[in-house]
Structure formats: C-alpha cells, structure tokens
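My numbering puts the sequence shown at residues 2 to 167. Don't be surprised by glycine CBs; every beta carbon is placed ideally from N, CA and C. Shown next, in structure tokens, is the structure this report addresses.
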Amino acid sequence: MSHPSALKKIKFVLFGEPTFQTFKKVVEGHLGYAQRKLGRYPIPTVDIIIECDDGVVLIKRKNPPFGWAIPGGFVDWEESLEEAAVREAKEETNLEVKNLRQFHTYSAPGRDSRFHTISTVFVAKAEGKPQAKDDAVEAGVFTRDKLPEEIVFDHRQILKDYFSRR
C-alpha cells in the first residue's frame, strides 16, 4: 500500500520509522478487513422517479452503462436515503423535488452489472424543465407510451411497476 508522501513525512517527523511501520501495518490491516467485508455486501443506492408535467424525468447517462435511467446514485456517508434521493435529483436534473415518498426497494443481485446494489426507489414531484447535470448528458420528460428504447439497469421494470400502480 502506498501512502501520500506528505503523510509519510509527517509520520517520520512526529514518530520515526518504527512507529510509522506499526501505524502502516495497523492501517493496512483495517483497510484490508474493510475491503474484504464491503466487497461481499450490497451497496445502498437510491433512485427517484420525478413526476414532472405529464410524465417522468429520465437522464441519459454520461458514464457506463450508457443509456437512459431514472435519476439516482449511491448514498453518501452519514446521509439518509431521503437526503440522497433529493441530492441526486438536484445533481442530475437541477430540479427541486417535493412530496417525496418511498415507492419500493429493488435488490436482485444482477440489477446493476457493476455491483450488487440495493436501491430504494422514491417518487416525488417537481416543476420546471429538467437540465442534464453531473452524471447526465441529457434529461427529458417521458410518458408511459413514449419511453426511450435503451433504458439501463432494471429501470424499465421499475417504471413498469410505477405506471401499473397509477
């Protein structure tokens, strides 16, 4: 494991080589343990179906997997699911959402080809025109009958579930 040179310098100045080596061994042990544990557990994510005009907001992804998706992403440290959903909506669409409510949780291991994620899906309302921000190259409002062809992850199923309950 490599350490930033500034960290090494500080450790050497304050503690000397033997203490730094002990520190390094302990940190590497804890990091290795965390990586092994975290690598075996699902990652919490959120998606947010934003009701806008007569449809729902989708974003075209800037990063793989490419295609259209419900706005969403990873939950940050010390952030609630609700806070993450509101943040992701703003970051990806520039929309302020209101009337946030939990819709459903999706947890199939293959739902995301990159990781095993568990996504809590929210529904909220917004006014205005969505603007592509952050991880999006395009944003648009789509109706049930005019969804784009290339929808990634399990978002087509999520949208099907959403529209069937309306």
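Check: Own chain, CB closer than 7 Å to Lys76, minus 5 neighbours either side, in chain order; Outcome: The sequence as given places Val at residue 76; Lys does not occur at that position. Once the five neighbours on either side are set aside, the close Cβ partners of Val76 are Pro45, Thr46, Val47, Leu82 and Ala85.
Check: Alpha carbon of Arg112 to alpha carbon of Ala137, nearest angstrom; Outcome: 20 Å
Check: Residue closest to Asp135, alpha-carbon to alpha-carbon, out of Asp55, Pro72 and Arg37; Outcome: Pro72
Check: Rounded C-alpha distance that separates Ala109 from Phe116; Outcome: 11 Å
Check: Closest by C-alpha distance to Ala133, when choosing among Glu52, Lys91 and Thr118; Outcome: Lys91
Check: Bridge partner(s) assigned by DSSP for Val124; Outcome: Ile50 and Arg102
Check: Per-residue burial, Tyr42 [other beta carbons within 10 Å of its own, 16 or more giving buried]; Outcome: exposed
Check: Sequence-distant residues of the same chain with beta carbon closer than 7 Å to Asp155, five excluded per side; Outcome: Tyr107, Ala109 and Arg112
Check: Residues that DSSP places opposite Arg62 in a beta bridge; Outcome: Ala137
Check: Euclidean distance between Cα positions of Phe123 and Thr23; Outcome: 46 Å
Check: Best match in Pro66, Gln158 and Thr121 for proximity to Glu89 [C-alpha to C-alpha]; Outcome: Thr121
Check: Contact check, Val142 vs Val57, beta carbons under 8 Å; Outcome: yes
Check: When Ala125, Lys25 and Pro66 are compared against Arg102, the one with the closest alpha-carbon; Outcome: Ala125
Check: Val57, DSSP secondary structure in three states; Outcome: strand
Check: Nonlocal neighbours in the same chain, by C-beta distance under 7 Å from Phe104, ignoring five residues either side; Outcome: Ile50, Val122, Phe123, Val124 and Tyr163
Check: Nonlocal neighbours in the same chain, by C-beta distance under 7 Å from Thr118, ignoring five residues either side; Outcome: Pro43, Ile44, Thr46 and Arg112
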